[in-house]
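Chemist:
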Amino acid sequence: MARSLSALASLAGSLLLVFVLLWMAPGDPALLALRSGSRPARLDPASLEAFRAHFGLDRPAASQFLLWTRRAFTLDFGRSIQSGQEVRERLAESLPITAALNGLSLILAFLGAITAAAFAAGRRLALERFLSGIMDTLFATPPFVSGLLLIFVFSISLGWTPVLAGLDTSLRDLLLPAVTLALATAPPLYRFFLELFRDARASPLTLAARARGEERWALLRRSLKRSGPAVAALLAALVPSCLAGSVLVEKLFSVGGAGSLLADAVAGRDYPVVLAMTFLTAGAVALAGLLADGVTAFLDPRRGTEEE
Amino acid sequence: MKARRSFLGQVAGALLGAALFFAGCGTGAKDSPSLLLRRLEGEPKTLNPILATTDPELTVIALVSRNLLDYDSKLELMPGLAESVLPDAEHRVYTIKLKPGLRWEDGTPIRSNDVAFTVNTLMDDRTPSPNRKGYFEGFVKAEVVDELTARVTFKTASSARRDAFNLPLIPERAYKGTDILSHPTNRKPLANGPYKVARWRAGQAIELTRNERFSGPRAPADSLVFRVVSDSASAYPALLKGEIHDSRLTFAQMQDLEKRASAEARLLLYPELGYTYIGWSHKHPFFGSREVRRAITSLIDREAIARTIYGGTATPAAGPIPPGLWFHDPGIPPFPHDPQEAEKTLAAAGFARGKDGILVKDGRRFSFELLMGGGSEIQRQIAESVQQALRKAGIEMTLAPMEWSAFTTRVDAGDFEACFLAMSLDPNPDFSISWHSSQLPPGGWNYCFYKNPEVDRILDRLKETFDQAEAKKLYSSLQRNLNEDQPVTFLHNVKVKWGLSRRVEGVLTSPLGLSLFWPGAASWRPVPVSRPVT
Numbered sequence: 300m301a302r303s304l305s306a307l308a309s310l311a312g313s314l315l316l317v318f319v320l321l322w323m324a325p326g327d328p329a330l331l332a333l334r335s336g337s338r339p340a341r342l343d344p345a346s347l348e349a350f351r352a353h354f355g356l357d358r359p360a361a362s363q364f365l366l367w368t369r370r371a372f373t374l375d376f377g378r379s380i381q382s383g384q385e386v387r388e389r390l391a392e393s394l395p396i397t398a399a400l401n402g403l404s405l406i407l408a409f410l411g412a413i414t415a416a417a418f419a420a421g422r423r424l425a426l427e428r429f430l431s432g433i434m435d436t437l438f439a440t441p442p443f444v445s446g447l448l449l450i451f452v453f454s455i456s457l458g459w460t461p462v463l464a465g466l467d468t469s470l471r472d473l474l475l476p477a478v479t480l481a482l483a484t485a486p487p488l489y490r491f492f493l494e495l496f497r498d499a500r501a502s503p504l505t506l507a508a509r510a511r512g513e514e515r516w517a518l519l520r521r522s523l524k525r526s527g528p529a530v531a532a533l534l535a536a537l538v539p540s541c542l543a544g545s546v547l548v549e550k551l552f553s554v555g556g557a558g559s560l561l562a563d564a565v566a567g568r569d570y571p572v573v574l575a576m577t578f579l580t581a582g583a584v585a586l587a588g589l590l591a592d593g594v595t596a597f598l599d600p601r602r603g604t605e606e607e
Numbered sequence: 012m013k014a015r016r017s018f019l020g021q022v023a024g025a026l027l028g029a030a031l032f033f034a035g036c037g038t039g040a041k042d043s044p045s046l047l048l049r050r051l052e053g054e055p056k057t058l059n060p061i062l063a064t065t066d067p068e069l070t071v072i073a074l075v076s077r078n079l080l081d082y083d084s085k086l087e088l089m090p091g092l093a094e095s096v097l098p099d100a101e102h103r104v105y106t107i108k109l110k111p112g113l114r115w116e117d118g119t120p121i122r123s124n125d126v127a128f129t130v131n132t133l134m135d136d137r138t139p140s141p142n143r144k145g146y147f148e149g150f151v152k153a154e155v156v157d158e159l160t161a162r163v164t165f166k167t168a169s170s171a172r173r174d175a176f177n178l179p180l181i182p183e184r185a186y187k188g189t190d191i192l193s194h195p196t197n198r199k200p201l202a203n204g205p206y207k208v209a210r211w212r213a214g215q216a217i218e219l220t221r222n223e224r225f226s227g228p229r230a231p232a233d234s235l236v237f238r239v240v241s242d243s244a245s246a247y248p249a250l251l252k253g254e255i256h257d258s259r260l261t262f263a264q265m266q267d268l269e270k271r272a273s274a275e276a277r278l279l280l281y282p283e284l285g286y287t288y289i290g291w292s293h294k295h296p297f298f299g300s301r302e303v304r305r306a307i308t309s310l311i312d313r314e315a316i317a318r319t320i321y322g323g324t325a326t327p328a329a330g331p332i333p334p335g336l337w338f339h340d341p342g343i344p345p346f347p348h349d350p351q352e353a354e355k356t357l358a359a360a361g362f363a364r365g366k367d368g369i370l371v372k373d374g375r376r377f378s379f380e381l382l383m384g385g386g387s388e389i390q391r392q393i394a395e396s397v398q399q400a401l402r403k404a405g406i407e408m409t410l411a412p413m414e415w416s417a418f419t420t421r422v423d424a425g426d427f428e429a430c431f432l433a434m435s436l437d438p439n440p441d442f443s444i445s446w447h448s449s450q451l452p453p454g455g456w457n458y459c460f461y462k463n464p465e466v467d468r469i470l471d472r473l474k475e476t477f478d479q480a481e482a483k484k485l486y487s488s489l490q491r492n493l494n495e496d497q498p499v500t501f502l503h504n505v506k507v508k509w510g511l512s513r514r515v516e517g518v519l520t521s522p523l524g525l526s527l528f529w530p531g532a533a534s535w536r537p538v539p540v541s542r543p544v545t
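These protein sequence lines map, in sequence, to chains A and B. All the letters of the first sequence, read from the start, carry residue numbers 300 to 607 under the working numbering. All the letters of the second sequence, read from the start, carry residue numbers 12 to 545 under the working numbering.
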């Protein structure tokens, strides 16, 4: 209950913070929506006023925010100032794409990180250093750069994948952008699993198991299972960074997901879209946190008791 | 040992599987013979032809909606949906005669009520249409005369109205009595051009198919897909792979394409109808002086910038009228590069070097900030080159790159000392928007606060001049005045660098680019896959 209340408070806080930042940033949403690039144009004051009134931009900022928030809890996010389209409709088009992209990238990142960590743990120091070096390099490489490199290797040199994500956004269409995102997410996961496997190897439990003749893979599986709560918490912590990474990667590969929608909306100070995205992202993060708690309690009932 | 082998075996198997999966993705983009793949640099906000303002919007709409009158490739107006648009002797009443037999994509006929409805809707206060309304200044009413004839009446005559009827139509049946800003038809417009919108995948693509009800020449491709690729870094490899058939190139990409001798793409250069410039705020104590502005322009070696930074794809601009416009006067040379003369002028104006080497006048250092928006690499290089040239003469210019929206907000409000901008022009641009002293911010586009009674007089007279020879003289005088005055430093007329797939034929250019004229991209033909590309 306390956890849910704090999630709600953080949701409200995020919305307010984002709205204030947008409101303070220079740029009039109405003028930005109506400006015609670099062509000179004369916008008559009457049209501008009518446009502002149409989207409620003529109201005081606080009233705009409260009205939007009140509606948002009934999942009515208003209309985009830029396109006039229902925000809900637009999100229904773009969110599944971003969810699929991030889902795929997390699966790839986990598989890659676990495989590399399992490979490195307890081997020769040289191999571990080599793998850790690669991971550090990947971690230091912005997704935009690694995406471009992947394009040049896999699309241009080898000709295996298209540059632009396919239009049906099936998992196959999303592979290259998902790998790009996974490359950024995998290194911290790798570090986590490397430590985990090292500890596991050093623990007396493992020694006993090895003495019993258990296979290495079974040992790893056991240590993974033991680390369930920590993995769940880690996954929850990764949700916001995944969404942030999506913004650039979606633009690069022309994936019409929520990331590129958010980038355009911020540039246009399209606050109904930005707030709706914040609402859903903050909601997703809170939900991921709650789920992680749930998983922890399920896997390790002692923790549940401790909290109570 | 056994355990280790089996684990390695599992990993190797997984990697091999992944590699095969990758290999299986190598579908690339094998064009069907009648498919065109074009790039859009941004997501259109609307496809309502009278609300559209941005290039991506206008590029799509050019294939879906014809105008009453269209521009041809030389920017002459030609019949489009209208057979004729004729003004009365006083240039106040325009009679529009539609071509017979025209239909919307759903088969309903296009009638004069659509013309009257479009114009009336356009002029409604609830319709924000900044780039069209200006042409209809002095509008009184639009009415139906008969099934194919409509009439539009104005209070006064104006030669700026020449291009008003380069106007697309919206169907009265769909829009009447509705909210134009959020109408669903804005995302699925009713076509009257060679293509129609089949599907809009938000953020990704707009798919067009041939409009079989179009009465003009049949569209060469069965379908045309516009991909939204806002990042030029991935647009270029996509062009090289044939996933898109055209894309604007950066200078570096142009150089790469020239070197590469690609079998897939070729280079197309055409002069843009516009110019780049550094705007000076005349509210600034120094920039209000004509002598100071002229001196600054003389300090900048625009020839050298064109040669080195633009690689020869730009020429110094001689005022605001680019060579692509019929009234450009080639006899007016660009303002000369003469740093010595400039320094003399500044000294004569009372500037002297301070201790730090920066000029000082009346106790004020000659130091200012140049606002830059968005920030292309080429713009940064030019700004740095100008910065060095000015520094040599004792003028300190700091560069202030900003996010685009914040930048435009400050520029529109006239809240800057100097700003770096590019101007795109229409075929019959209304220069008074930028240069008339009645158009100061807020609201006007004369954000440099330029005031010159002679220029005002020429601009006013141009509005009343219908005779082309007479207008040409006035334009020449306008160009000369502004070039001499340097209200802004006119930098360059730049060529647009375009990469074009060798799988496309029939591409025409105009000063408006590849799309915003007739037939524009409606003439693009995909080369059948069976035929080798040349």
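Don't be surprised by glycine CBs; every beta carbon is placed ideally from N, CA and C. Source: prediction; values computed, not measured.
Helix, strand or coil: which one does DSSP assign to Leu201(B)?
Modeler: Three-state result, Leu201(B): coil.
Chemist: Flag this pair as yes or no: are the beta carbons of Ala100(B) and Gly204(B) separated by less than 9 Å?
Modeler: Not closer than 9 Å, so no.
Chemist: Whole angstroms are fine: how far does the CA of Glu348(A) sit from the CA of Arg378(A)?
Modeler: About 17 Å.
Chemist: Give me the DSSP bridge partner(s) of Ala429(B).
Modeler: According to DSSP, Ala429(B) bridges with Trp291(B), Leu381(B).
Chemist: Beta-carbon of Ala175(B) versus every beta-carbon of chain A: anything under 9 Å?
Modeler: It does not; no Cβ of chain A falls within 9 Å.
Chemist: With DSSP run on the structure shown, which of helix, strand or coil describes Leu88(B)?
Modeler: Reduced to three states, the DSSP call for Leu88(B) is strand.
Chemist: Return no unless some Cβ of chain A is closer than 9 Å to the Cβ of Asn197(B).
Modeler: Asn197(B) counts as touching chain A.
Chemist: Any contact of the stretch 481-500 of chain A with the stretch 435-443 of chain A, i.e. 3+ C-beta pairs under 8 Å?
Modeler: Judged by Cβ distances under 8 Å, the stretch 481-500 of chain A makes contact with the stretch 435-443 of chain A, as three or more pairs qualify.
Chemist: For the stretch 467-529 of chain A, list the alpha helix (DSSP H) runs that are entirely contained and at least 4 residues long, ordered along the chain.
Modeler: Listed in chain order, they are 474-501, 503-511, 515-525.
Chemist: Grab me the residues of Ser454(A)'s own chain with a C-beta within less than 7 Å of its C-beta, minus the 5 sequence neighbours each way, in chain order.
Modeler: Cβ neighbours of Ser454(A) beyond the five flanking positions: Thr460, Pro461, Val462.
Chemist: Counting only beta-carbon separations shorter than 9 Å, does Leu560(A) have a partner in chain B?
Modeler: Closer than 9 Å: yes.
Chemist: With respect to the alpha helix (DSSP H) encompassing Asn142(B), which residues constitute its N-terminal and C-terminal limits?
Modeler: Asn142(B) -> alpha helix (DSSP H) spans 141-144.
Chemist: Among residues of its own chain, excluding the 5 on either side of Leu542(A), which ones have a beta-carbon nearer than 6 Å to its beta-carbon?
Modeler: Cβ within range, chain order: Thr580.
Chemist: Run down chain A in chain order and give the residues with a C-beta less than 9 Å from the C-beta of Gly335(B).
Modeler: What Gly335(B) touches in chain A: nothing, since even the nearest Cβ is about 15 Å away.
Chemist: Within 10 Å of its beta-carbon, does Ala23(B) have 16 or more other beta-carbons around it, so buried, or fewer, so exposed?
Modeler: Bear in mind that the predicted position of Ala23(B) carries a pLDDT of just 37, short of 50, making it unreliable; the figure below should be weighed with that in mind. It is exposed - the Cβ of Ala23(B) has fewer than 16 other Cβ atoms within 10 Å.
Chemist: Classify Thr65(B) as buried or exposed, calling it buried when 16 or more other Cβ atoms lie within 10 Å of its own Cβ.
Modeler: Buried, by the Cβ-count rule.
Chemist: In the stretch 134-150 of chain B, which residues sit with their C-beta less than 8 Å from some C-beta in chain A, listed in chain order?
Modeler: The residues in question are Asp136, Arg137, Thr138, Pro139, Ser140, Pro141, Asn142, Lys144, Gly145.
Chemist: Determine which residues share a DSSP beta bridge with Thr164(B) and list them.
Modeler: In DSSP, Thr164(B) forms a bridge with Val104(B), Lys152(B).
Chemist: Could you tell me whether the Cβ atoms of Thr520(B) and Tyr281(B) are closer together than 9 Å?
Modeler: Going by C-beta atoms, Thr520(B) is nearer than 9 Å to Tyr281(B).
Chemist: Along chain A, in chain order, which residues have C-beta atoms closer than 9 Å to that of Asp423(B)?
Modeler: Within chain A, the residues near Asp423(B) are Asp327, Leu330, Arg334.
Chemist: Between the alpha carbons of Glu232(B) and Ser553(A), how many angstroms are there, rounded?
Modeler: Reading off the sequence shown, one finds Ala at residue 232(B), where the question assumed Glu. Computed Cα separation, rounded: 23 Å.
Chemist: Output needed for Ser526(A): all residues of its chain with C-beta closer than 7 Å, excluding positions within five of it in sequence on either side, in chain order.
Modeler: Closer than 7 Å at the Cβ level, and outside the excluded window around Ser526(A), lie Leu495.
Chemist: List the residues that DSSP assigns as beta-bridge partners of Leu410(B).
Modeler: Looking at the DSSP assignment, Leu410(B) forms a beta bridge with Leu381(B).
Chemist: Beta carbons nearer than 7 Å to chain B: which residues of the stretch 356-371 of chain A have them?
Modeler: Answer in chain order: no residues at all.
Chemist: Please report whether the beta-carbon of Glu385(A) lies at a distance below 9 Å from any beta-carbon of chain B.
Modeler: Chain B contact via Cβ: present.
Chemist: Just the C-alpha distance for Arg172(B) and Tyr458(B), rounded to the nearest angstrom, thanks.
Modeler: Roughly 24 Å between the two C-alpha positions.
Chemist: Would you identify the three-state DSSP class for Ile217(B), choosing helix, strand or coil?
Modeler: Note: Ile217(B) maps to strand in three-state DSSP.
Chemist: Residues of chain B with CB under 9 Å from Ser346(A), in chain order?
Modeler: Correct list: Asp135, Asp136, Arg137, Thr138, Pro139, Ser140, Pro141, Lys144.
Chemist: Along the chain, where does the alpha helix (DSSP H) that runs through His546(B) open and close?
Modeler: Given a span of 12 to 545 for chain B in the structure shown, any question on residue 546(B) remains unanswerable.
Chemist: Scan the stretch 47-60 of chain B for residues whose Cβ lies nearer than 7 Å to a Cβ of chain A and list them as they occur along the chain.
Modeler: Here the close residues are Glu54, Lys56, Thr57.
Chemist: Suppose the cutoff is 6 Å on Cβ atoms and the five residues either side in sequence are ignored; what does the same chain contact list for Thr106(B) look like?
Modeler: So the list reads Leu97, Arg162, once near-sequence residues are dropped.
Chemist: In the stretch 563-579 of chain A, which residues sit with their C-beta less than 8 Å from some C-beta in chain B, listed in chain order?
Modeler: From the stretch 563-579 of chain A, only Asp563, Ala566, Gly567, Arg568 have a Cβ closer than 8 Å to chain B.
Chemist: Is it buried or exposed, Val317(A), if we count other Cβ atoms within 10 angstroms and call 16 or more buried?
Modeler: So Val317(A) ends up on the buried side.
Chemist: What separation, rounded to the nearest whole angstrom, lies between the Cα atoms of Trp367(A) and Arg114(B)?
Modeler: So the alpha carbons of these two residues sit roughly 42 Å apart.
Chemist: Terminal residues of the continuous beta strand (DSSP E) containing Trp322(A)?
Modeler: Careful: Trp322(A) lies outside any beta strand (DSSP E), inside the alpha helix (DSSP H) at 301-323.
Chemist: Rounded C-beta distance between Phe237(B) and Arg49(B)? I'm assuming under 8 Å.
Modeler: The Cβ separation is near 5 Å, so the contact holds.
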